[in-house]
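Structure, as structure tokens:
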Amino acid sequence: MSEKSRKKFLYLNRRAPYGSVYALESLEVVLIGAAFEQDVSLAFLDDGVYQLVEGQDTAGIGMKNFSKTYRALGDFEVRKLFVERESLEARGLKESDLMPIVWEDEDEDWAEKPSIAVVDKAAMAELIAASDVVLSF
Amino acid sequence: MRFAIVVNEGPYTHQASDSAWQFAKAALAKGHEIFRVFFYHDGVNNATRYTVPPQDDRNLQKLWSELAAEHELDLVVCIAAAQRRGILDADEAKRQGKDGDNIAPGFRISGLGQLIEAGIQADRLVTFGD
Chain Y
0 MSEKSRKKFL
10 YLNRRAPYGS
20 VYALESLEVV
30 LIGAAFEQDV
40 SLAFLDDGVY
50 QLVEGQDTAG
60 IGMKNFSKTY
70 RALGDFEVRK
80 LFVERESLEA
90 RGLKESDLMP
100 IVWEDEDEDW
110 AEKPSIAVVD
120 KAAMAELIAA
130 SDVVLSF
Chain U
0 MRFAIVVNEG
10 PYTHQASDSA
20 WQFAKAALAK
30 GHEIFRVFFY
40 HDGVNNATRY
50 TVPPQDDRNL
60 QKLWSELAAE
70 HELDLVVCIA
80 AAQRRGILDA
90 DEAKRQGKDG
100 DNIAPGFRIS
110 GLGQLIEAGI
120 QADRLVTFGD
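Chains Y and U, in that order, give the protein sequences.
For the first sequence, the residue numbers in numbering that gives the first Met the number 0 are 0 to 136.
For the second sequence, the residue numbers in numbering that gives the first Met the number 0 are 0 to 129.
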């Protein structure tokens with residue numbers, strides 16, 4: 000696909016990873032969508048920030064723990080994960096509570112670079128406004 | 000303008016599918032194009048032909064099927080979401096060893112790539128249901 004026809008896709012994740020199917024079905028779209036070579040960003044806000052918290056354990060609720068999939072996003076060329084600072088703070092979370100998610104930069108001898116960027120509400124609003132296709136989950 | 004529509008809620012509990020149908024109908028009446036309507040999450044439940052609402056209520060499945068027939072709309076149901084929720088066409092029913100299918104006329108089951116393609120091809124992608 001030519002550069003001209005690349006669109007900016009933004010996946011907005013606003014719900015906790017368990018309790019509803021939205022986080023899982025959002026991830027399914029992201030993984031399938033990766034094959035289309037678009038400019039992809041993921042945003043995590045509100046309870047959606049819980050999707051990236053490290054050490055998720057679903058044994059007690061009988062749900063599939065799909066949190067490892069986020070770590071594999073770099074292999075799918077999904078490298079831009081934006082987390083809203085205010086949403087973290089409102090839930091007593093810090094960036095260090097999140098999974099270390101990285102992508103490998105082939106231009107720098109496959110150096111691992113962080114995929115997660117914590118941004119404030121204003122930056123998040125700009126990100127949304129600058130996107131062509133916004134899918135909210 | 001070329002629209003793509005995403006429906007994320009099933010019929011009747013929420014108004015999302017009604018609103019999406021009204022939007023599609025109004026857009027077509029104004030001469031716009033609907034590239035595709037994609038049904039995801041509980042939205043796949045709009046595609047069963049086995050709903051039997053009271054006679055004095057609207058029949059959403061029929062409304063979608065009729066609109067599709069009239070305007071050759073492409074109504075696509077996400078296969079992964081459909082399988083979780085028991086929406087099957089004849090091929091899938093056979094493949095999964097089920098004793099029947101329930102997909103309504105005008106709907107087809109396909110993959111999530113159809114949603115991404117709709118986002119790429121349409122001028123605007125409009126989502127109904129949260």
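Heads up, the beta-carbon is just placed ideally off N, CA and C, and yes, glycines get one too.
Residues that residue i contacts on chain U, provided the C-beta gap is smaller than 7 Å
i, result
"residue 132(Y)", "118 and 124"
"residue 8(Y)", "118"
DSSP state of residue i mapped onto helix, strand, coil
i, result
"residue 4(U)", "strand"
"residue 90(Y)", "coil"
"residue 67(Y)", "helix"
"residue 93(U)", "helix"
"residue 134(Y)", "strand"
"residue 7(Y)", "strand"
"residue 48(U)", "coil"
"residue 51(Y)", "helix"
"residue 102(U)", "strand"
"residue 27(U)", "helix"
The beta strand (DSSP E) enclosing residue i, as first and last residue numbers
i, result
"residue 83(Y)", "80-83"
"residue 20(Y)", "No beta strand (DSSP E) holds residue 20(Y); DSSP gives it neither H nor E."
Residue i - partner residues in DSSP beta bridges
i, result
"residue 12(Y)", "43(Y)"
"residue 32(U)", "1(U)"
"residue 112(Y)", "102(Y)"
"residue 108(U)", "76(U)"
Per-residue contacts from residue i into chain Y (C-beta, under 9 Å)
i, result
"residue 112(U)", "31, 32, 34 and 35"
Host alpha helix (DSSP H) of residue i (start-end)
i, result
"residue 64(U)", "59-70"
"residue 126(Y)", "120-128"
Option in the options with minimal Cα separation from residue i
i, options, result
"residue 122(Y)", "107(Y), 101(Y), 109(Y) and 85(Y)", "85(Y)"
"residue 40(U)", "89(U), 116(U), 0(U) and 110(U)", "110(U)"
"residue 38(U)", "51(U), 55(U) and 60(U)", "60(U)"
"residue 104(Y)", "73(Y), 129(Y), 93(Y) and 125(Y)", "73(Y)"
"residue 122(U)", "124(Y), 132(Y) and 125(Y)", "132(Y)"
"residue 101(U)", "95(U), 89(U), 129(U) and 116(U)", "89(U)"
"residue 57(U)", "79(U), 96(U), 14(U) and 99(U)", "14(U)"
Contact set between residue i and chain U, taken where Cβ atoms lie within less than 9 Å
i, result
"residue 75(Y)", "Correct list: empty, because the minimum Cβ distance to chain U is about 13 Å."
Proximal chain Y residues relative to residue i, where beta-carbon distance stays under 8 Å
i, result
"residue 78(U)", "The premise fails here: residue 78(U) is roughly 11 Å from chain Y at the closest Cβ pair, so nothing lies under 8 Å."
"residue 4(U)", "Within 8 Å Cβ-Cβ: nothing; residue 4(U) doesn't reach chain Y, min ~13 Å."
Per-residue contacts from residue i into chain C (C-beta, under 8 Å)
i, result
"residue 13(U)", "Of the protein chains in this structure, namely Y and U, none is chain C."
Chain-ordered chain U contacts of residue i [CB-CB under 8 Å]
i, result
"residue 21(Y)", "40"
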